[in-house]
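Quick note, the sequences are listed as chains A and B, same order. The first sequence begins at 85 in this note's numbering and counts up one residue at a time. The second sequence begins at 85 in this note's numbering and counts up one residue at a time. Cβ coordinates follow ideal geometry from the N, Cα and C atoms, glycine included. Contents: one structure, followed by commentary.
Number of protein chains: 2
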Amino acid sequence: MKNAAAIFKLSYGMYIISSIDGDKKNAQFANTAFQITAEPAVIAVSINKQNYTHELIEASKKVGISVLTEDATFEFIGKYGFRCGRDFDKLADAAVIEGSTGVPIVTDYACAYIEGEVIQSADLGTHTVFFVKVKDADVLSDGTPMSYDYYHNVIKGKAPKSAPTYHED
Amino acid sequence: MKNAAAIFKLSYGMYIISSIDGDKKNAQFANTAFQITAEPAVIAVSINKQNYTHELIEASKKVGISVLTEDATFEFIGKYGFRCGRDFDKLADAAVIEGSTGVPIVTDYACAYIEGEVIQSADLGTHTVFFVKVKDADVLSDGTPMSYDYYHNVIKGKAPKSAPTYHED
């Protein structure tokens, strides 16, 4: 390959993906949520198979997507990105609303949310791409959605080097 | 639905997707290209089934992805977004290189490209999501990748109202 760094030029947003299965619920950070079709509105979400949220989505088909804004902190994102919900209740001290589908939706640092149900999925080895038919959605604020590029260049730059989740990359 | 405008808060990049089948070749604008897995590197690309590029990708499995930069003009993007390659050779006056897979890659206003072959696809009604295993990639410049938000708020704002492709939305 001439220069694999080309792959890092693709653009992404910053999202919290949530799900629920009975009394089990969880939420995790993800950067891949994209609208695929307009009629009906379907969003693709890619989730690592090892994640607890993946297990809940597979079981219930329910998915919540919170769109993070540029004011989200490194610590907040780290909680959803680096800690596993199997042994830590990430939602305990979060601002959460219950969506129409029953899925918990994290509203901290979120300007919008989308919720829906999986109508189809694609197995890509380490990850599953879930195709989520939108059931409900709302705008929560006029905050600017955070891009992954902004997170990498601005938010990580502000992170204390002593933070347990600090990464040099 | 409480407010469907929530869906527009998702983030996207700006890409030219190209393909070739024998002596037929084409390229089109798309905003949905995102990495799904790292091992192996696989990129998902969503293409409308009515597009000529869709026909070529289905036939050859070859896909080129050019990452557009913020200096791309409204006219340039419009050529790939609003005109159909079945009756107009979009590549005739474009800067194009031939990738390792034989696919034509548009390098105008591009800071990077990725090329590969479809290993799997998902039928989502109006669109097909192609999962492209990366075969080669390169960085072409240090230009800033254009976000769809930048296109909508900055590039469209600069477009002459008399442009044939001008849209009020």
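For residue i, is the classification buried or exposed, using 16 other Cβ atoms within 10 angstroms of its Cβ as the cut-off for buried?
i: residue 146 of chain A; result: buried
i: residue 215 of chain A; result: buried
i: residue 115 of chain B; result: buried
i: residue 135 of chain A; result: buried
i: residue 110 of chain A; result: buried
i: residue 172 of chain B; result: exposed
i: residue 187 of chain A; result: buried
Cβ of residue i within 7 Å of Cβ of residue j?
i: residue 198 of chain A; j: residue 218 of chain A; result: yes
i: residue 88 of chain A; j: residue 196 of chain B; result: no
i: residue 193 of chain B; j: residue 156 of chain B; result: yes
i: residue 232 of chain A; j: residue 99 of chain A; result: no
i: residue 191 of chain B; j: residue 181 of chain B; result: yes
i: residue 137 of chain B; j: residue 189 of chain B; result: no
i: residue 210 of chain A; j: residue 154 of chain A; result: no
i: residue 179 of chain B; j: residue 94 of chain A; result: no
i: residue 140 of chain A; j: residue 105 of chain A; result: yes
Please report how far the alpha carbon of residue i lies from the alpha carbon of residue j, in whole angstroms.
i: residue 121 of chain B; j: residue 212 of chain A; result: 9 Å
i: residue 230 of chain A; j: residue 107 of chain B; result: 42 Å
i: residue 166 of chain B; j: residue 113 of chain B; result: 9 Å
i: residue 235 of chain A; j: residue 169 of chain A; result: 22 Å
i: residue 242 of chain A; j: residue 148 of chain A; result: 28 Å
i: residue 225 of chain B; j: residue 127 of chain B; result: 21 Å
i: residue 249 of chain B; j: residue 92 of chain B; result: Reliability fails at residue 249 of chain B, whose pLDDT of 44 lies under 50, so the model's placement of it is uncertain and no value is given.
i: residue 103 of chain A; j: residue 144 of chain A; result: 8 Å
i: residue 240 of chain A; j: residue 158 of chain A; result: 7 Å
i: residue 174 of chain A; j: residue 161 of chain A; result: 11 Å
i: residue 177 of chain B; j: residue 124 of chain B; result: 35 Å
i: residue 184 of chain A; j: residue 205 of chain A; result: 22 Å
i: residue 130 of chain B; j: residue 207 of chain B; result: 10 Å
i: residue 163 of chain A; j: residue 142 of chain B; result: 41 Å
i: residue 85 of chain A; j: residue 200 of chain B; result: 11 Å
i: residue 264 of chain B; j: residue 150 of chain B; result: The structure shown has nothing for residue 264 of chain B, since chain B only spans 85 to 253.
i: residue 238 of chain B; j: residue 119 of chain B; result: 26 Å
Output, in chain order, the set of chain A residues within a Cβ distance shorter than 9 Å of residue i.
i: residue 97 of chain B; result: 93, 94, 95 and 96
i: residue 195 of chain B; result: 90 and 93
So residue i contacts chain B; which residues on that side make the cut at Cβ distance below 9 Å?
i: residue 164 of chain A; result: Those within 9 Å of residue 164 of chain A in chain B number zero; the least Cβ separation is about 17 Å.
i: residue 188 of chain A; result: Chain B residues near residue 188 of chain A: none, gap ~17 Å exceeds 9 Å.
i: residue 136 of chain A; result: Within chain B, no residue comes near residue 136 of chain A; the closest Cβ sits about 19 Å away, beyond 9 Å.
i: residue 123 of chain A; result: 209 and 210
i: residue 215 of chain A; result: 206, 208 and 213
i: residue 102 of chain A; result: Per Cβ cutoff of 9 Å: no residues; residue 102 of chain A is ~15 Å from chain B at best.
i: residue 202 of chain A; result: Residues of chain B passing the Cβ test: none, with the nearest at roughly 12 Å.
Can you name the residues of chain B whose CB is closer than 8 Å to the CB of residue i?
i: residue 235 of chain A; result: In chain order: nothing, as chain B lies at least about 11 Å away.
i: residue 151 of chain A; result: 90, 93 and 94
i: residue 238 of chain A; result: Ordered by position in chain B, no residue passes the 8 Å Cβ test against residue 238 of chain A, which lies about 14 Å from the chain.
i: residue 147 of chain A; result: Here the premise fails: no neighbours, minimum Cβ distance about 14 Å.
Applying a beta-carbon distance threshold of less than 7 Å, which residues of chain B neighbour residue i?
i: residue 87 of chain A; result: 221, 222 and 223
i: residue 231 of chain A; result: 95 and 231
Can you pull the chain A residues whose beta carbon is under 7 Å from the beta carbon of residue i, in chain order?
i: residue 118 of chain B; result: 94, 96, 116 and 118
i: residue 181 of chain B; result: Near residue 181 of chain B there are no residues of chain A at all, since even the closest Cβ is about 11 Å away, more than 7 Å.
i: residue 126 of chain B; result: 208
i: residue 198 of chain B; result: 90 and 91
Below 8 Å on C-beta distance, what does residue i contact in chain A?
i: residue 34 of chain B; result: Chain B is shown from 85 up to 253; residue 34 of chain B falls before or after that span and cannot be answered.
Please go through the region 112 to 192 of chain B and give each complete beta strand (DSSP E) segment of 3 or more residues, from N-terminal end onward. With a minimum length of 3 residues, the continuous beta strand (DSSP E) runs that stay inside the region 112 to 192 of chain B are 117 to 121, 126 to 132, 146 to 152, 180 to 182 and 188 to 190.
Report the residue ranges of all alpha helix (DSSP H) runs contained in full by the region 192 to 238 of chain B; include only those spanning at least 4 residues, in chain order. Taking only runs of at least 4 residues, no alpha helix (DSSP H) segment lies wholly in the region 192 to 238 of chain B.
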